[in-house]
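When you read off a place in the sequence shown, starting at 1, and then add 316, the result is the number in the numbering used here.
Yeah, the Cβ is synthetic: ideal placement off N, Cα and C, and Gly gets one too.
Predicted, not measured: the structure shown is a model, and the values here were computed from it.
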Amino acid sequence: MIFRQVFAGGDRNFGYLIGDEKSRDSAVIDPASSPKEFIKLANELNLKIVYIINTHSHGDHTGGNSELKNLTKAKVVMHKSSPISTDIKVSDGDILKLGHLELMIIHTPGHTSDSICILVENKLMTGDTLFVGKIGGTHTDQDAKTEFDSLFNKLMKLDKSIEVYPGHDYGIAPTSTIENELETNPFIIRSNFDDFKWLKDNWASYKLEHGIK
């Protein structure tokens, strides 16, 4: 597998290029505002971009879709509940074939109803569901509960060795692992929803008190 993490502009956005070494087919995860950067990288690696996969429908992740699609003729892939025009609609547990690679779709609603994570081999692209040491924002108590369920009943049940690749560079490092998040993420160590929700409600003061940027 060919795998690259790309600083994609915007609000410290990360995007990803995943390529199959045999077929040379590739997928871009969240092109953000840098579609031409992905095309340049794909050309350097002799890859053909066939999919544009969005982890959710927020504009800072999907802003490059139209230009990238026009330039590559790639198909846009999003969760079936996405309000954005999509070529391929996916659901929880779906497998997207990329040459000899298998990309598993994990529906992780909370930050948005259409949020997904993408697992390929030992790498998990988490969008705005899970950051390094942080999690995605929510707007209602129900959204927070939904996010809690996505984190604890799906992501935290994955193998601890799986590498975490977030949608933004918001943490102390650009990547992490499930094990590290289980041990150090202040939201994840609060496995009781009431404690989890308290931290979400008091995150600004908690960050200040603990020196978190």
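### Query
In whole angstroms, what separates the C-alpha of Ile345 from that of Asn518?
Between the alpha carbons of Ile345 and Asn518 lies a gap of roughly 32 Å.
### Task
Might you give, ordered along the chain, the residues of its own chain that have their beta carbon closer than 6 Å to the beta carbon of Lys516, omitting 5 neighbours on each side?
If we look at Lys516 and ignore the five residues flanking it on each side, its Cβ neighbours are Ala460.
### Message
Check this for me: beta carbons of Leu440 and Leu467, under 9 Å apart or not?
### Response
In this structure, Leu467 does not lie closer than 9 Å to Leu440 by Cβ.
### Supposed close pair His455, Phe330 - CB separation, criterion 8 Å
About 23 Å separates the two Cβ atoms, so there is no contact after all.
### Message
If you follow the beta strand (DSSP E) that Lys413 is in, where does it begin and where does it stop?
### Response
Per DSSP, the unbroken beta strand (DSSP E) holding Lys413 starts and ends at Ile411 to Leu414.
### Query
What three-state label does DSSP hand Ser532 in the structure shown?
What the structure shows of the chain is the stretch from 317 to 529, and residue 532 is not part of that stretch, so it cannot be assessed.
### Cβ shell of Val322 (< 8 Å), same chain only, five flanking positions each side left out
Phe330, Gly331, Tyr332, Leu333, Ser350, Glu353, Phe354 and Leu357
### Query
With C-beta atoms as the reference, is Ile422 less than 9 Å away from Leu384?
no
### Task
Decide if the region 370-390 is in contact with the region 405-420; the criterion is three or more beta carbon pairs, one per stretch, under 8 Å apart.
no
### Task
Grab me the residues of Ser371's own chain with a C-beta within less than 8 Å of its C-beta, minus the 5 sequence neighbours each way, in chain order.
It is worth fixing the name first, because residue 371 is Thr in this sequence and not Ser. Excluding positions up to five away in sequence, the list reads Ile345, Asp346, His377, Ser431, Ile432, Cys433, Ile434, Met441, Thr442, Gly443, Asp444, Thr445 and Gly483.
### Query
Where does the unbroken beta strand (DSSP E) through Ala460 begin, and where does it stop?
Premise fails: Ala460 lies in the alpha helix (DSSP H), Asp457 to Asn469, not in any beta strand (DSSP E).
### Message
What does the Cβ neighbour count give for His526, buried or exposed, with the cut at 16 atoms within 10 Å?
### Response
exposed
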